[in-house]
Amino acid sequence: MSGAASMIVRSPLRTKSLSSTIRTRIGSFPFFSILFPAPWTGDRRPMLHDTGVPWTGGALTLLAYHPWPEKYAIVTRLTMAYITPRSVRSADPDLPGLRLLLVRHGAVHNPQQLFYGRLPRFPLSAQGQAQAQATARFLAAFPVTALYTSPRLRARQTARIIQAYHPQRPLRVSSLLDEVRTGWQGAPASAIPEPLNLYDPPYHPDDETIAAVFARLDRFVRRVRRRHPGGTVVAVSHADPIAILTAGYAGRPLILASLRGPFYPPLASVTCLEFALDASRPVITVFDPAGTAERRP
């Protein structure tokens with residue numbers, strides 16, 4: 038995408054005088070659509086735009102792709118002006134406020150085209166390093182107070198590149214940010230069912246379920262909200278854990294359709310979860326500083 042773009046706000050809200058589609062011009066930066074599913078009443082559930090996923094509550098999902106943090110403030114004000122989220126599956130409202138910047142690692146060197154999962158020795162490719170550099174430059178504008186990473190090599194390398202712009206912040210490894218545990222790891226990537234399905238049916242009885250991954254990432258969020266109240270925390274993780282966490286906080290059902298397509302985080306993207314003090318769920322914004330969104334699976 039290039040040139041001037043319109044932000045699209047879609048809402049099935051029936052109790053406020055807000056049209057179903059509001060278009061607002063936000064400069065000339067590239068981004069995708071913003072979806073504001075709001076509280077619904079009656080027997081007919083609204084559907085998430087372009088997904089066919091039934092809505093289960095009043096949370097918001099914000100899918101905005103633009104490269105500069107000053108634009109983020111504009112989007113945040115818009116979300117708070119029109120939507121008052123209602124809790125369905127929410128973070129603890131008694132925890133302190135926090136800005137959590139979830140980063141997906143960059144592209145991986147994988148010449149054999151394996152599904153690597155938690156396997157060791159899968160570093161960033163040259164392209165992935167360049168993507169991580171673009172994301173690190175974007176994050177340099179944020180007042181980062183803490184930096185965490187998954188233990189996987191590709192995530193640690195991405196985090197080290199980001200840390201170079203915040204040398205005063207130690208890098209902490211958290212297993213709660215790890216890739217999904219699945220028996221598919223080591224298999225040819227072409228063998229995995231499409232759309233990418235690691236969950237139903239499970240490959241192995243010990244495979245993580247979507248619900249288990251959400252619970253793991255939610256523990257991480259609760260932990261950093263207590264450790265870094267009011268802070269800005271960067272956490273490098275993986276596509277499915279990030280997609281699952283944001284699906285849960287946005288009130289979407291924890292099923293495969295809630296993770297793929299427009300909800301799948303691009304390589305080296307930044308998913309910002311903005312927890313206001315005492316808020317039951319975050320405002321969610323997805324930035325694409327490396328410009329990888331057009332190449333998502």
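In short: position in the sequence shown from 1, add 37, done, that's the numbering used here. Every residue, glycine too, gets a C-beta built ideally from N, C-alpha and C. The structure presented is a predicted model; accordingly, all values stated were derived computationally and were not measured.
Expressed to the nearest angstrom, what Euclidean distance is found between the alpha-carbon atoms of residue 229 and residue 241? 13 Å
Considering only C-alpha positions, which residue in the set 308, 320, 314, 313 is nearest to residue 175? 308
Residue 181 versus 137, 297, 210, residue with shortest Cα-Cα distance: 137
Using the Cβ count rule (16 or more neighbours within 10 Å means buried), how would you classify residue 231? exposed
Check for me: the beta strand (DSSP E) holding residue 300 runs from which residue to which? That residue, residue 300, is in no beta strand (DSSP E); it is neither H nor E in DSSP.
When 251, 273, 286 are compared against residue 183, the one with the closest alpha-carbon: 273
How far does the alpha helix (DSSP H) with residue 286 in it extend, from its first residue to its last? 276-287
Straight-line CA distance for residue 237 to residue 282? 18 Å
Member of 258, 141, 326 whose CA lies at the smallest distance from the CA of residue 310: 258
Helix, strand or coil at residue 183 according to DSSP, with G and I counted as helix: strand
Between which two residues does the alpha helix (DSSP H) holding residue 199 run? 190-200
Where do the ends of the alpha helix (DSSP H) carrying residue 152 lie? No alpha helix (DSSP H) contains residue 152, which DSSP labels as neither H nor E.
Do residue 172 and residue 326 have their beta-carbon atoms positioned less than 9 Å apart in this structure? yes
Over the uninterrupted alpha helix (DSSP H) stretch that includes residue 213, give me the two end residues. It is not in any alpha helix (DSSP H) - residue 213 carries neither H nor E in the DSSP assignment.
Give every residue of the same chain whose Cβ lies closer than 6 Å to the Cβ of residue 389, excluding the five residues on either side of it in the sequence, and list them in chain order. For residue 389 there is no data in the structure shown, the boundaries of the chain being 38 and 334.
Coarse secondary structure for residue 173, derived from DSSP in three states: helix
Would you mind sorting residue 205 into buried or exposed? The rule is 16 or more other CB atoms within 10 Å of its CB. exposed
With DSSP run on the structure shown, which of helix, strand or coil describes residue 293? helix
Going by alpha carbons, who is nearest to residue 294 out of 234, 328, 186, 271? 234
Kindly list the residues whose CB is nearer than 6 Å to the CB of residue 209, restricted to its own chain and excluding five residues on each side of it in sequence; keep chain order. 185
Neighbour flag for residue 169 against chain D, beta carbons, 9 Å: Protein chain content of the structure displayed is limited to a single chain, and chain D is not contained in it.
The alpha helix (DSSP H) with residue 250 in it runs from where to where? 247-264
Nearest neighbour of residue 200, chosen from 216, 220, 131, 169 [CA to CA]: 169
Exposed or buried, which one is residue 191 when buried takes at least 16 other CB atoms within 10 Å? buried
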